[in-house]
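Contents: one structure, followed by commentary.
2 protein chains.
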Amino acid sequence: MATIHDVAARAGVSAATVSRVFAGSGVSQDKVRVVLAAAEEMGYTPNRTARALRLQTSTVIALIVVDIENPFFTSLARGVEDVTRAAGYSLVLCNSDDDPVREGSYLDVAVSERMAGVILVPTSDRCDLSRLADRRTAIVTVDRALHSHPVDAVVVDNVAGGRSATARLYERGASRVACITGPRDADTAELRSAGWRQEFRRFSPTADPDAYLEHADYRVDGGRAAMARLLDAAEPPDAVFVANNLMAVGALAELRSRGLAPPSFGMAAYGDLPYMPLGPSGVDVIPMPTRLIGATAATVLLERIKGSADPLRTVVLRNESD
Amino acid sequence: MATIHDVAARAGVSAATVSRVFAGSGVSQDKVRVVLAAAEEMGYTPNRTARALRLQTSTVIALIVVDIENPFFTSLARGVEDVTRAAGYSLVLCNSDDDPVREGSYLDVAVSERMAGVILVPTSDRCDLSRLADRRTAIVTVDRALHSHPVDAVVVDNVAGGRSATARLYERGASRVACITGPRDADTAELRSAGWRQEFRRFSPTADPDAYLEHADYRVDGGRAAMARLLDAAEPPDAVFVANNLMAVGALAELRSRGLAPPSFGMAAYGDLPYMPLGPSGVDVIPMPTRLIGATAATVLLERIKGSADPLRTVVLRNESD
DNA sequence: TCGACCCCCGAAATCGATTTCAGATGCTCC
DNA sequence: GGAGCATCTGAAATCGATTTCGGGGGTCGA
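In order, the protein sequence lines correspond to chains A and B. Start counting the first sequence at 33; every next residue gets the next number (my numbering). Start counting the second sequence at 33; every next residue gets the next number (my numbering).
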């Protein structure tokens, strides 16, 4: 591999001049030409590792999601990659599986590689960002906000989404709308069920909300089990708001296995169900602007990397159908 | 950030000794203890950039897929990431969108970053790997093999899969099975349709295969349009083998829009349809061991990175249901 | 003609780790 | 006690780019 010194020797100039040619400043036209010609002939590609060492920062960004196989995160990742690639950055993909230990080791790698920034779906509110902060590495959280450590965040209006999904089910004639939400320590789960609770109180004032609220784990099987518990109750609901896409898939499977199905049994889901073209399912969907969330997070991150000192901000995107 | 010299100073040894402690060789117990203590106190994290520069190789691997939003590649990526993470490598995600230019610029970055290896879904047979080869960067192709430039590859038996899917449709009573395959320059498209052709000749000896073969672009809309063309023909088929998952989604949508649907109109698809639990669709699926393909490719790549000089190999995985 | 100034350019230091080479130390065995 | 050997340690070179600092040469105005 040709180095900057090889090119310099061939062009009859110093390495400093070659470096300046590529940085684009303060070199006479003559030398620019001869250097570019030499670089071309030798197939010179600057060594980004050396550059990163000298500059103390690389052009690599980490994206830490729960699981890339969840279509929500897939689409998010695509939005992030589109923006970072256009800006000349590489994207490192990390699956935390919601495990704080895994998340921590990915964060360590980000520090160790001197990455320029991190886009993070935090596993919990108490994830340790001190190492990143020491190095002033740019951080943006997505989907979930982080209260313990103030950073930029890009989220959706979960309460509004939960409210509108629930209201829609009541408007379509449901008399009692249950809710399947995520784990107690996930703030999205709490917010979405809070939105549901507001509408439930309004439309079913005599019923006890807690009897119609199930917590599950944001996964298919959890959604299915929660749906089963709701249906087995003494006074089962006639509609359900499910707080994420995977649990909705599970809930739908449970309903179908019992001969129930939307729209006769009402169902609304937070986030697109994957590949709905496969069949009109009668499920009311609160679509999330997933690619946009990713692209926005990447844009905010890149601004921080460029040195923006604006105050921290939380970007709240509206769900497309609110 | 503490450097190796800071730790050395604190421990009262030289940087060389600290380096050896972490490399794990030839240091007395006393010094090992004092060095580890010092490193711990100072929160020392080795700088991977410096390490990569010195060693002329990093612990980063590039994964270049067509589009991470296609569930086939998503699952593949997950398989790759599981294996590379366990081995201490980071994974850079690249979407080529089947564009050779994009692919080329990702390959340039891989060289420029001195990445340890590349796992590639090649956009075409004439993609330029010479730069990688110059640096002896390890390469494995997945899904599609590369004939122009011999490298390790992990693929599935596309002909067998096409054959078994087609045969199954005939066995279920279809009298004429059409085929929607991918672009002409994709070898998977040719192989899968070749499998279909064999069975078509056997079961429909009097019909012209070319009248029942459609080429599309491996995308949803292309599949839908191809299905429409088949149905609008003078003698439409009564079943169809679709060569990838996205086109199957499109074809299914077209069928449903015309009041047709599996299983009365037979359909078999190569590769899992995403989230089939959403409903029994009557589609015959040739499941692909997607995660395993990714994991296998990663394993082969890691062996090459470690220096294996075994002859090149093409791993052919069987489809799960063959 | 001389100073002031600007523009180009190269030598050398720098980033933080690894590794070679050579020196120091301690041990065994005659 | 001393030769021979193994073990441990540190100084210094190295990887390839960037950037500071200063020198050389040209222009301009007085």
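Even for Gly, the Cβ is constructed at its ideal location relative to N, Cα and C. Source: prediction; values computed, not measured.
- Annotation: the segment 111 to 137 of chain B contains the following complete segments of the beta strand (DSSP E) (minimum length 3 residues), in chain order: 122 to 127.
- Annotated three-state conformation of M299 of chain A is strand, per DSSP.
- Taking a Cβ-Cβ threshold of 7 angstroms, none of the residues of chain B is close to M320 of chain A; the smallest such distance is about 14 angstroms.
- Look at R110 of chain B: its C-beta is under 7 angstroms from a C-beta on chain A.
- If you draw a straight line from the Cα of T81 of chain A to the Cα of S46 of chain B, it comes to about 25 angstroms.
- About 18 angstroms separates the beta carbon of S128 of chain A from that of T322 of chain A, a gap too long to meet the 8 angstroms contact definition.
- For A84 of chain A, the nearest beta carbon of chain B is closer than 7 angstroms to its own beta carbon.
- Residue contact with chain A for L152 of chain B: absent (no Cβ-Cβ distance below 7 angstroms to any residue of chain A).
- Here E113 of chain B is buried: its Cβ has 16 or more other Cβ atoms, across all protein chains shown, within 10 Å.
- Taking 4 residues as the minimum length, the alpha helix (DSSP H) runs contained wholly in the segment 304 to 351 of chain B are 322 to 337, in order along the chain.
- When 9 angstroms is used as the limit between beta carbons, L123 of chain A is near these residues of chain B: V124, L125 and C126, in chain order.
- Restricting attention to beta strand (DSSP E) runs no shorter than 3 residues, the segment 200 to 277 of chain A encloses them at 209 to 213, 245 to 247 and 271 to 274, ordered along the chain.
- Around the CB of S90 of chain B, 16 or more other CB atoms lie within 10 Å, so the residue is classed as buried.
- Contact between I171 of chain A and L95 of chain A is ruled out by a C-beta separation of about 12 angstroms, above the 8 angstroms threshold.
- Put simply, the backbone Cα of Y250 of chain B is about 25 angstroms away from that of N277 of chain A.
- Rounded to the nearest whole angstrom, the CA to CA distance from D175 of chain A to A185 of chain A is 8 angstroms.
- Cβ neighbours of T116 of chain B within its own chain (closer than 6 angstroms, five residues either side excluded): I93, L123 and A330.
- Interface annotation for the segment 88 to 120 of chain A against chain B: S90, I100, E101, T106, S107, A109, R110 and E113, criterion Cβ-Cβ distance under 7 angstroms.
- The C-beta distance from G298 of chain B to R233 of chain B rounds to 18 angstroms, too long to fall under 8 angstroms, and the pair is not in contact.
- Beta-bridge partners assigned by DSSP to V97 of chain B: B:N127.
- Taking a beta-carbon distance threshold of 7 angstroms, T81 of chain B counts as an interface residue toward chain A.
- The Cβ of V143 of chain A sits closer than 7 angstroms to at least one Cβ of chain B.
- In the DSSP assignment, T173 of chain A falls within the beta strand (DSSP E) that extends over A170 to V174.
- Close CB contacts of V183 of chain B within its chain, under the 8 angstroms cut and outside five residues either way in sequence, are with L161, I171, V172, T173 and L344 (chain order).
- The residue among A:V347, A:E73, A:R83 and A:V272 with its C-alpha nearest the C-alpha of E145 of chain A is A:R83.
- For D184 of chain A, the enclosing beta strand (DSSP E) begins and ends at D184 to V188.
- The Cβ-Cβ distance between L85 of chain A and V188 of chain A does not fall below 7 angstroms.
- Counting along the chain, V150 of chain A sits inside the beta strand (DSSP E) bounded by residues G149 to L152.
- DSSP, read as helix, strand or coil, puts V39 of chain B in helix.
- Of all alpha-carbon atoms in A:L87, A:L68 and A:V98, the one lying nearest the alpha-carbon of P132 of chain A is that of A:V98.
- Only residues of its own chain outside the window of five on either side were considered, and among them V209, W228, E231 and F273 have a CB closer than 6 angstroms to the CB of T198 of chain A, listed in chain order.
- Take N190 of chain B, set aside five residues on each side of it, and the residues of its chain with a beta-carbon closer than 7 angstroms to its own are T220, L223, R224 and G227, in chain order.
- The C-beta of L87 of chain A has fewer than 16 other C-beta atoms within 10 Å across all chains shown, which makes the residue exposed.
- Out of B:V315, B:A248, B:R167 and B:A206, the CA that lies nearest to the CA of V143 of chain B is found in B:R167.
- Only buried fits T213 of chain A, as 16 or more other CB atoms lie within 10 angstroms of its CB.
- Between A34 of chain B and A70 of chain B, the CB-CB gap reaches or exceeds 7 angstroms.
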